[in-house]
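Residue numbers (my numbering): 6 to 148.
Down below is the structure, laid out as structure tokens.
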């Protein structure tokens, strides 16, 4: 099954806060805590896509942007990829610009609390968990 690629971003403020989003997901019939992300539009580079998605969903602008890797969410059935980014020094610059029907709440959490958010089941979205795994692998390999 073919479709558009995705992007997501671990966005961190100068105060070492994660910029997360909470939104209702019909499949799980629940609100999920996630990192900002979305689809790569045709003809758009992944970096441009994530800058757009972060700004639209949260009102935060990415400064320094680093691609951490690419994951295949379901290679058995889908050809799509998800490009994972890290944005440091993000700044709130404007109100959200949500699509019709979107209900997204911005949630700030200390970056140091990420393991707790995962271990306590506050973050359960598989693609978000994979993004954090890529981030932690990159982060711990530099120590």
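For every residue, glycine included, the Cβ atom is placed at its ideal position computed from N, Cα and C.
Residue of the options minimising C-alpha distance to residue i
i, options, result
"residue 136", "54, 76, 81 and 85", "76"
"residue 36", "42, 44, 27 and 43", "27"
"residue 97", "33, 139, 32 and 56", "56"
"residue 23", "112, 128, 133 and 134", "112"
"residue 69", "110, 103, 15 and 124", "15"
"residue 29", "118, 107, 123 and 117", "107"
"residue 109", "13, 34 and 63", "63"
"residue 100", "13, 34, 59 and 142", "59"
Backbone secondary structure at residue i - three-state DSSP
i, result
"residue 60", "helix"
"residue 35", "strand"
"residue 103", "coil"
"residue 84", "coil"
Beta-carbon spacing of residue i, residue j below 8 angstroms
i, j, result
"residue 65", "residue 95", "yes"
"residue 11", "residue 42", "yes"
"residue 21", "residue 80", "no"
"residue 87", "residue 128", "no"
"residue 102", "residue 61", "yes"
Spatial neighbours of residue i in its chain, beta-carbon cut-off 7 angstroms, leaving aside the 5 residues before and after
i, result
"residue 130", "37 and 39"
"residue 3", "The shown model of the chain, from 6 to 148, leaves out residue 3, and the question about it has no answer."
Residue span of the beta strand (DSSP E) that contains residue i, given as start and end
i, result
"residue 120", "Segment 119-124 is the alpha helix (DSSP H) holding residue 120; no beta strand (DSSP E) there."
"residue 109", "109-115"
"residue 130", "From DSSP, residue 130 is part of no beta strand (DSSP E); its letter is neither H nor E."
"residue 94", "87-97"
"residue 15", "11-18"
Residues near residue i by beta carbon distance below 6 angstroms, same chain, minus five either side
i, result
"residue 93", "17 and 69"
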